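K.L.:
Structure provided below as structure tokens; questions to follow.
Chains as they are written, first to last, in the numbering used here: chain A, 60 to 500; chain B, 11 to 233.
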């Protein structure tokens, strides 16, 4: 760490970590409703409310992690302090306040009712304000020195795209098909577009610092990767336009473009492994390295393989709207974005805290526990989804009857989720106590 | 590959895909009105859509296959249910559908229910490229009797079980044909309270005569 204002990232990481823990609590509550027949919370926290909170917390903490990561990265790339630490703090408090209001509002029945975008319009405008403050602050920092590195450019491009796409989810449209058409511009063009740019830039920065490889090589690959991400991902939104009332030509446009979506993610795996192999330094922060390499792999399997498995219309016709989608959702968000944030946090935290060396024992336990149980969660949901597709879609059994057949797999999912929660708790404790234990591993 | 070539991949790849998306969006927007019967999208349908959003229905139910996976997909619900059934269901979901997984009572007013049903009726007519798919087994094997198909489609098994499959709120129907006559079953379907004044079973009197007959035949053969 070279600049004092990089420390702003710490507050973002802290809040992200706490919201991550809260997200898991709501995930366990939501999942329990599948396993047990009797729902004691049905009048206070019915399934739709707890799901809304679970997925909103996910998005908010991941965005907070990205923002923290940006505030850590930009000073080093631009070679200057953050333009306004005061604005960075204001933006964090505003975002937190909006997040808390939204959650309390959901419990009180205040909702806009589109999945992931349940925030009432006034809160959405607040989120836009937060984004504008953030972009202004980042841009003003970058322009101070005008050192336009590729990493900075891709990061800024990704962040601007995040903000612009969000606007397509603010307006109420009378036609449900049109509403979903543009709803996907937020959801899909975030996770398979803008967020990938942010991820690519942050990962390139970490690999550069961690392994000391040549900047030119890292940046060249970054261009190729994000170029292919956008080439396949932008028109790849078509894989969401198969069955929602949109024209038939989307069936092949969506199939062709999204079939290639795993390719850039595969390149990221190859790129990461090559950087590590050709590393010019001794990597002492093994934990950050493990999260980085783990992220590359899980990103590829969760987003790439699990996504590809259901992206062709011939298959999607049967799996669309089942637990198969939920299994991919959990795997992709975890592999690509949760792991990226944890990589960034483990890379930056020792430096923010000024630790030359730190005990990585608990951190490694958290790493293996979380990864193992996430894989178990995903496999359980996948089997549940296969049961659902076969009985409900292929044989035509009634929806609720089939949910009964799936119970064993819901139970397996929930028990695995409990294991994941244990791993995540280890991470939270490790985050809060980092550097306090003696550094022998 | 040089860095300049990599940059070109980025710029041209992004531009190409963006142009395709924008062009097809322009075309899609012009086709959506016809594919969704937008001329039938009146103020009531729009009001119903807002009721749907306000109560966050979409985080339990999927519609057009998108949303929460906790409750049935509602894209084609109005092809399966008649409006009167929907009306009484929405008034008090757990009384009409006493399954173990419950829908909370949203305490909708009569006017709100009318709007919501108008919205779901409109959604039912969206051209979804034949999604959800028709179950394969009906076409492939053809072994299922029409009554059995109706039994599944109307969710009878959420309350009744046959051969160990189904719910336990209503009586087990595995051997119902050996206990009850065809006439008794028909009466039960049309007016459950004629046999037991306290029955919580919903009436299926709105089914067509043919459907009732198929169901009765199927059930009477379970011996």
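The beta-carbon is built from N, C-alpha and C at its ideal position, and this holds for glycine as well.
Owing to the predicted nature of the structure, the values given are computational and were not obtained by experimental measurement.
Relative to the C-alpha of residue 408(A), which candidate in 68(A), 61(A), 62(A), 260(A) has its C-alpha closest?
P.N.:
Checking every option, the nearest Cα to that of residue 408(A) belongs to 68(A).
K.L.:
Is residue 48(B) close to chain A, meaning its C-beta is less than 8 Å from at least one C-beta of that chain?
P.N.:
Chain A contact via Cβ: present.
K.L.:
In whole angstroms, give me the CA-to-CA distance for residue 123(B) and residue 351(A).
P.N.:
Going from the Cα of residue 123(B) to the Cα of residue 351(A) covers about 52 Å.
K.L.:
Can you tell me which of the three DSSP states residue 485(A) falls into?
P.N.:
Helix.
K.L.:
Please check if any C-beta of chain B sits within less than 8 Å of the C-beta of residue 90(A).
P.N.:
Cβ-Cβ to chain B under 8 Å: no for residue 90(A).
K.L.:
Identify every residue that forms a DSSP beta bridge with residue 172(B).
P.N.:
Beta-bridge pairing links residue 172(B) to 175(B).
K.L.:
Does residue 108(A) come out as helix, strand or coil in the three-state DSSP assignment?
P.N.:
Residue 108(A): helix per DSSP, three-state reduction.
K.L.:
What are the complete beta strand (DSSP E) segments, minimum 3 residues, inside the region 93-162 of chain A?
P.N.:
Listed in chain order, there is nothing to give.
K.L.:
Give the interface partners of residue 175(B) over in chain A, defined as CB-CB distance under 9 Å, in chain order.
P.N.:
Within chain A, the residues near residue 175(B) are 456, 460, 463, 464.
K.L.:
According to a CB-to-CB cut-off of less than 9 Å, which residues of the region 66-91 of chain A neighbour chain B?
P.N.:
Hits within the stretch, in order: 89.
K.L.:
Quick check: what's the CA-CA separation for residue 247(A) versus residue 326(A)?
P.N.:
Those two C-alpha atoms are separated by around 21 Å.
K.L.:
The alpha helix (DSSP H) that contains residue 323(A), what's its start and end?
P.N.:
Run containing residue 323(A): 321-336, per the alpha helix (DSSP H) assignment.
K.L.:
Kindly list, in the order they appear in chain B, the residues whose Cβ is closer than 7 Å to that of residue 428(A).
P.N.:
Simply none; closest approach about 27 Å.
K.L.:
Can you give the Cα-Cα distance for residue 70(B) and residue 17(B), rounded to whole angstroms?
P.N.:
Computed Cα separation, rounded: 44 Å.
K.L.:
Measuring CA to CA, which of 172(A), 252(A), 114(A), 328(A) is closest to residue 89(A)?
P.N.:
Ranking the options by Cα distance to residue 89(A), first place goes to 114(A).
K.L.:
Output, in chain order, the set of chain A residues within a Cβ distance shorter than 7 Å of residue 143(B).
P.N.:
376, 377, 452, listed in chain order.
K.L.:
Would residue 310(A) pass as an interface residue toward chain B - the criterion being a Cβ-Cβ separation below 8 Å?
P.N.:
Yes, residue 310(A) counts as interfacial toward chain B.
K.L.:
Can you list the residues of chain A that residue 42(B) reaches, using a CB-CB cut of under 9 Å?
P.N.:
Those are 234, 236, 237, 240, 304, 305, 306, listed as they occur along chain A.
K.L.:
Contact between the region 386-394 of chain A and the region 351-362 of chain A is defined here as three or more beta-carbon pairs at a separation below 8 Å; is this criterion met?
P.N.:
Contact between the region 386-394 of chain A and the region 351-362 of chain A is present, because at least three Cβ pairs lie under 8 Å.
K.L.:
According to a CB-to-CB cut-off of less than 8 Å, which residues of the region 202-213 of chain B neighbour chain A?
P.N.:
Those would be none; no residue qualifies.
K.L.:
Listing by chain order, which chain A residues have their CB less than 9 Å from the CB of residue 198(B)?
P.N.:
Going along chain A, no residue has its Cβ under 9 Å from residue 198(B), so there is no contact; the nearest lies around 19 Å.
K.L.:
Going along chain B in order, which residues have a C-beta closer than 7 Å to the C-beta of residue 278(A)?
P.N.:
Going along chain B in sequence order, the residues near residue 278(A) (Cβ under 7 Å) are 13.
K.L.:
Can you give me the Cβ contacts of residue 169(A) inside the same chain, cut-off strictly under 8 Å, excluding the 5 residues immediately before and after it?
P.N.:
Closer than 8 Å at the Cβ level, and outside the excluded window around residue 169(A), lie 179.
K.L.:
Taking a cut of 8 Å between CB atoms, which residues from the region 58-79 of chain B lie near chain A?
P.N.:
The region 58-79 of chain B vs chain A, Cβ under 8 Å: 59, 60, 62, 63, 64, 65, 66, 67, 68, 69, 70, 72, 73, 74, 75, 76, 77, 78, 79.
K.L.:
Would residue 255(A) be called buried (16 or more neighbouring beta carbons within 10 Å of its own) or exposed?
P.N.:
It counts as buried.
K.L.:
Which chain B residues sit within Cβ distance under 7 Å of residue 101(A)?
P.N.:
By Cβ distance, chain B contributes 112, 114.
K.L.:
From residue 191(A) to residue 226(A), what distance separates their C-alpha atoms?
P.N.:
Answer to the nearest angstrom: the Cα atoms are 12 Å apart.
K.L.:
With 8 Å as the threshold, decide whether the Cβ of residue 172(B) is near any Cβ in chain A.
P.N.:
It does not; no Cβ of chain A falls within 8 Å.
K.L.:
With a cut-off of 8 Å, does the C-beta of residue 140(A) fall near any C-beta of chain B?
P.N.:
Taking Cβ atoms only, chain B never reaches closer than 8 Å to residue 140(A), which makes this a no.
K.L.:
Residue 179(B) and residue 105(B) look like a contact to me (Cβ under 8 Å); what is the Cβ gap, rounded to whole Å?
P.N.:
Not confirmed; about 11 Å, so no contact.
K.L.:
By the 10 Å Cβ neighbour count, where 16 or more other Cβ atoms means buried, how is residue 45(B) classified, buried or exposed?
P.N.:
The residue in question, residue 45(B), is buried, as its Cβ has 16 or more Cβ neighbours within 10 Å.
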